[in-house]
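All you need for the working numbering is the position in the sequence shown, starting with 1, plus 191.
These notes concern the structure reproduced below.
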Amino acid sequence: GEVIGPVIAGSAEAAKDLISFFAAPRGGAFLRVDTDSRTGIDGWLTEIGLVHVGGGVAMDRPPKPRSEPARPKVYALANQALG
């Protein structure tokens, strides 16, 4: 199969657009998106036909203080096996 990732975007909607772009030409192929449930896109991935088969844990930094500008967020890993 193929992995879609890493997906780094400024919002969940932008992440969904990126994943959709890469998934569209691969209809029927075995695809995998390694993501964390905290991203908020896990339910959407199920809706588009990607079955949840396991869980992974992404390394993360503590949240930034609110005074700092928001930065793009990782929505999908390059590959769970790589961390």
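Where a beta carbon is used, it is the ideal one built from N, C-alpha and C, also for glycine.
Given the structure is predicted, the values throughout are model-derived calculations rather than measurements.
Distance from the CA atom of Val244 to the CA atom of Ala214, rounded to whole angstroms, is 18 Å. Arg262 has its alpha-carbon roughly 21 Å from the corresponding atom of Val224.
Relative to Ala203, the option among Trp235, Gly219, Gly218 whose CA is nearest is Trp235. Gly240 and Pro256 have their C-alpha atoms roughly 37 Å apart. The three-state secondary structure of Arg257, taken from DSSP, is coil.
By alpha-carbon distance to Gly218, the top candidate from Asn270, Val265, Gly192, Arg252 is Gly192.
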